[in-house]
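Since the structure comes first, as structure tokens, the remarks are kept for the end.
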Amino acid sequence: HVQLVQSGAEVEKTGASVKVSCKASGYTFTDNYVHWVRQAPGQGLEWMGWISPNTGYTKYGKIFQGRVTMTRDTSTATAYLEVSGLRFDDTATYYCARQFSESFYLDYWGQGTLITVSS
Amino acid sequence: IQMTQSPSTLAAFVGDRVTITCRASQSVSNWLAWYQQKPGEAPKLLMYETSTLDSGVPSRFSGSGFGTEFTLTINSLQPDDFATYFCHQYSDNSWVFGPGTKVEIK
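Sequences listed follow chains F and S, in order. Its first residue numbered 1, the first sequence is counted upward by one per residue in the working numbering. Its first residue numbered 1001, the second sequence is counted upward by one per residue in the working numbering.
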């Protein structure tokens, strides 16, 4: 069955960078785009961007361009999200999610990774 | 594209029929999904393309609408349904979520 398993929670200082991993299993990793979505405490869902595991091509949301990098390692079926220049308002749970191969909705989600930014 | 939802919170009894409305600032055709999220958990896909239930989702959930206005209806609310619901448009190479509707026990 399809699973996306993310790395564990992290605490980082302002200005630092953090890299979150998302390991896929139960399907062919290169067949489906992987999206990243974040959720600040008690808030809604905010789309960050996607990566094509097949080509490595990425599309980022406008407010994240220049601060976010999405990569993938096809040998381990893992997608990565790196956020640089961390600010207090980057404190959130970060989710990876798989895009259904024949449409654009997100059908499977990782369990989430809490990133806390402190001083 | 901006998404809004109403109400932001609703309180209901087990067995009630509840309706949540989602509006888009411009037409998204039928490219709309609904997710259910419980505290501490990831969102779970309920339905896509406005009204198609994901596998395993109970038939008491239904969706309707087109263009800019959509509804999620839960018939005979069950204890497991108390959660937050998000709509999500995925048209025109953009992905935007609604702010969410929290369904609470009355």
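Think of the CB as a built atom: it goes at the ideal place given N, C-alpha and C, for glycine as much as any other residue. Computed from a prediction, not measured in an experiment: that's the story for all the values here.
Under 8 Å Cβ-Cβ, which residues of chain F neighbour residue i?
| i | result |
| --- | --- |
| residue 1058 of chain S | Per Cβ cutoff of 8 Å: no residues; residue 1058 of chain S is ~18 Å from chain F at best. |
Apart from the five residues on each side of it in sequence, which residues of its chain come closer than 7 Å, Cβ to Cβ, to residue i?
| i | result |
| --- | --- |
| residue 118 of chain F | 11, 13 |
| residue 30 of chain F | 53, 54, 74 |
| residue 1103 of chain S | 1010, 1012, 1018, 1081, 1082, 1083, 1085 |
| residue 83 of chain F | 17, 18, 67, 68, 90 |
| residue 1091 of chain S | 1028, 1029, 1031 |
Quick one: which chain S residues come within Cβ less than 9 Å of residue i?
| i | result |
| --- | --- |
| residue 90 of chain F | Correct list: empty, because the minimum Cβ distance to chain S is about 18 Å. |
| residue 95 of chain F | 1042, 1043 |
| residue 8 of chain F | Those within 9 Å of residue 8 of chain F in chain S number zero; the least Cβ separation is about 15 Å. |
| residue 73 of chain F | Ordered by position in chain S, no residue passes the 9 Å Cβ test against residue 73 of chain F, which lies about 22 Å from the chain. |
Starting from the C-beta of residue i, find all residues in its chain whose C-beta is less than 8 Å away, skip the five residues before and the five after it, and write them out in chain order.
| i | result |
| --- | --- |
| residue 105 of chain F | 99 |
Whose C-beta lies closer than 6 Å to the C-beta of residue i among residues of the same chain, with five residues either side of it excluded?
| i | result |
| --- | --- |
| residue 1106 of chain S | 1011, 1012, 1013 |
| residue 1002 of chain S | 1025 |
| residue 27 of chain F | 2 |
| residue 1098 of chain S | 1003, 1005, 1022, 1086, 1087 |
| residue 92 of chain F | 38, 39, 40 |
| residue 1038 of chain S | 1083 |
Using a Cβ cut-off of 7 Å, pull out every chain S residue sitting near residue i, in sequence order please.
| i | result |
| --- | --- |
| residue 104 of chain F | 1031, 1090 |
| residue 110 of chain F | 1042 |
Chain F partners of residue i, CB-CB under 7 Å?
| i | result |
| --- | --- |
| residue 1096 of chain S | 47 |
| residue 1099 of chain S | 44 |
| residue 1085 of chain S | By Cβ distance, chain F contributes nothing, its closest Cβ being about 11 Å from residue 1085 of chain S, past 7 Å. |
Since I believe residue j is in contact with residue i (beta carbons under 8 Å), could you give me their beta-carbon distance rounded to a whole number of angstroms?
| i | j | result |
| --- | --- | --- |
| residue 1019 of chain S | residue 1073 of chain S | 5 Å |
| residue 97 of chain F | residue 35 of chain F | 5 Å |
| residue 1046 of chain S | residue 1035 of chain S | 6 Å |
| residue 90 of chain F | residue 115 of chain F | 7 Å |
| residue 1070 of chain S | residue 1050 of chain S | 6 Å |
| residue 61 of chain F | residue 49 of chain F | 5 Å |
| residue 56 of chain F | residue 67 of chain F | At roughly 19 Å, the Cβ-Cβ gap does not stay under 8 Å, so residue 56 of chain F and residue 67 of chain F are not in contact. |
| residue 1048 of chain S | residue 17 of chain F | That belief does not hold up - the Cβ atoms of residue 1048 of chain S and residue 17 of chain F are roughly 34 Å apart, past 8 Å. |
| residue 47 of chain F | residue 1096 of chain S | 6 Å |
If the cut is a Cβ gap below 8 Å, which residues of chain S does residue i touch?
| i | result |
| --- | --- |
| residue 3 of chain F | The premise fails here: residue 3 of chain F is roughly 12 Å from chain S at the closest Cβ pair, so nothing lies under 8 Å. |
| residue 31 of chain F | Near residue 31 of chain F there are no residues of chain S at all, since even the closest Cβ is about 18 Å away, more than 8 Å. |
Quick test of the definition: if touching needs 3 or more C-beta pairs under 8 Å, does the stretch 1 to 9 of chain F touch the stretch 19 to 38 of chain F?
yes
Contact the stretch 1062 to 1075 of chain S vs the stretch 1026 to 1035 of chain S: 3+ CB pairs below 8 Å
yes
Identify every run of the beta strand (DSSP E) within the stretch 9 to 71 of chain F, keeping only runs that are complete inside it and at least 3 residues long; order them along the chain.
10 to 13, 18 to 25, 34 to 39, 46 to 51, 58 to 60
Give a yes or no on contact between the stretch 1083 to 1095 of chain S and the stretch 79 to 87 of chain F, applying the rule of three or more CB pairs nearer than 8 Å.
no
Just to confirm the assignment: which complete beta strand (DSSP E) runs, minimum length 3, are found wholly within the stretch 66 to 103 of chain F?
68 to 73, 78 to 83, 92 to 99
Could you tell me which whole beta strand (DSSP E) segments of length 3 or greater appear in the stretch 1063 to 1105 of chain S?
1069 to 1074, 1084 to 1089, 1101 to 1105
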